[in-house]
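Report on the following structure.
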Amino acid sequence: MPDKPLTCSVVIPTYNRAQLLRHTLESLTRQTLDTRQFEVIVVDDGSSDSTADVVKQFHDRLDLHYFYQPDEGFRVAKARNVGITHARADVCVFIDSGLLLHPRCLAAHVAVHRDATGPVAVIGYVYGFNLDNEDADLINAELNPADPGATIDDWARRGVFLDLRERFYTKYTDNFADLPAPWLIYWTCNVSAATAQLRAVGAFDENFQTWGGEDLDLGYRLHRDGARFLLARDAAAIHAPHEKSYQRNESIVAANYRYIACKYRTPITQLLQLFPSINPFTMNDVIRELRLPSCAEYL
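Using our numbering, the letters of the sequence shown correspond one by one to residues 483 to 781.
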């Protein structure tokens, strides 16, 4: 039987999360999309655990490619760019290690791109996605890594462990593409974009070498290049709990937001310097209240 054409390249940066990565790869083997129709690119940012051994266990089940870069600090932007460089499909889907995909997740990403009349930046829905690992014990108690689809369907029916961005969607509806800054929630734990457009806008900025902001920076450039931001609730996944500190991340990301503000020097991006008093959930309101000129006026 001839190989089917590739529909997407799944890019997974990882660092010392071997067991979480195992869950992610397992969920990829259960996609409704034929495994011959997507490739998986794992980019290891210098892990010292058993990450490489975990990847080897999936080579006969997935079209899987592994790249290793030395541990020289937080280089997730560089890792994702390795994926973009080597991607063979027309669409790149970015997911984090520790994300457990619903069986229909990849098919949903691909469908949005296939049906779009122009470039789109797709945001998948992430259950259990939170700021400070809250509800971790409750999530772990209900999460079935062997069947994330059933867990997601149950949580969706009950309306529990919803995506942190649900309040954004509730406020602006799922059709938020016409907001002045829809790119503010383009967080790369579960998103996709056209490979050609990613390359055309310069991919991820590798000057980001601490946590946060590199995805917003990319989203901003996709927006300026004409991509329309769309929520795909069917492209669902679970964010498996893992150790993190919102307080620490908040202090780190503030510096990266200032970098974005200085990089583009537009009225809208300048607001990022006021984080956290102005944040991705309130910034569009401030933009409208101040009647700031759109990004398009700075092309």
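No residue lacks a Cβ here, since even glycine has one placed at the ideal position from N, Cα and C. Bear in mind the structure is a predicted one, so any value in this text is a computation, not a measurement.
Task: Helix, strand or coil at Ile769 according to DSSP, with G and I counted as helix - done: helix
- [ ] Pick out the complete beta strand (DSSP E) segments inside the stretch 601 to 638, 3 residues or longer, and give them in chain order.
- [x] 602 to 609
TODO: With a 10 Å radius around its C-beta and 16 neighbouring C-beta atoms as the bar for buried, classify Ile494 as buried or exposed.
DONE: buried
Task: Nearest-angstrom Cα separation, counted from Gln752 out to Arg740 - done: 8 Å
Task: Contact under 8 Å by Cβ, Ala571 with Thr677 - done: Against a cut-off of 8 Å, the Cβ pair of Thr677 and Ala571 comes out as a contact.
- [ ] Output the residue ranges of the alpha helix (DSSP H) runs that lie fully inside the stretch 676 to 763 and measure 4 residues or longer, sorted by chain position.
- [x] Complete alpha helix (DSSP H) runs here, min 4: 677 to 682, 696 to 706, 728 to 746 and 749 to 752.
Task: Selection from Glu521, His568 and Thr496 that minimises the alpha carbon distance to Gly528 - done: Comparing Cα positions, the closest option is Thr496.
Task: Outcome for Leu781 when other beta-carbon atoms lying within 10 angstroms are tallied against a minimum of 16 - done: exposed
Open item on the list: Taking contact to mean 3 or more Cβ pairs, one atom from each stretch, closer than 8 Å, check whether the stretch 552 to 563 and the stretch 579 to 594 are in contact.
Closed with: no
Open item on the list: For Leu510, which residues in the same chain have their Cβ closer than 7 Å to its Cβ, ignoring the five residues on either side in sequence?
Closed with: Val492, Val522, Leu544 and Leu583
Task: With 16 other Cβ atoms within 10 Å as the buried cut-off, status of Asp535 - done: exposed
Task: Counted within 10 angstroms of its Cβ, other Cβ atoms place Ala737 as buried (16 or more) or exposed - done: exposed
Open item on the list: Three or more C-beta pairs under 8 Å: does that hold for the stretch 645 to 659 against the stretch 557 to 571?
Closed with: no
Task: Residues near Leu756 by beta carbon distance below 7 Å, same chain, minus five either side - done: Nothing meets the Cβ criterion.
TODO: Determine the contact status of Asn672 and Gly565, defining contact as a CB-CB distance below 8 Å.
DONE: Pairing Asn672 with Gly565 gives a Cβ-Cβ distance that is not under 8 Å.
Task: Burial state of Pro762, where buried means 16 or more other Cβ atoms lie within 10 Å - done: buried
TODO: Please say whether Asn563 and Asp531 have beta carbons closer to each other than 8 Å?
DONE: no
Task: Inter-stretch contact at 8 Å, needing at least 3 Cβ pairs: the stretch 630 to 641 / the stretch 591 to 598 - done: no
- [ ] Just the C-alpha distance for Met483 and Asn731, rounded to the nearest angstrom, thanks.
- [x] Because the pLDDT at Met483 is just 36, under 50, the model does not fix this residue reliably, and the value given afterwards should be weighed accordingly. Cα to Cα, the separation comes out at about 49 Å.
Task: Reduced DSSP category for Asn672 - H, G, I as helix; E, B as strand; rest coil - done: Reduced to three states, the DSSP call for Asn672 is strand.
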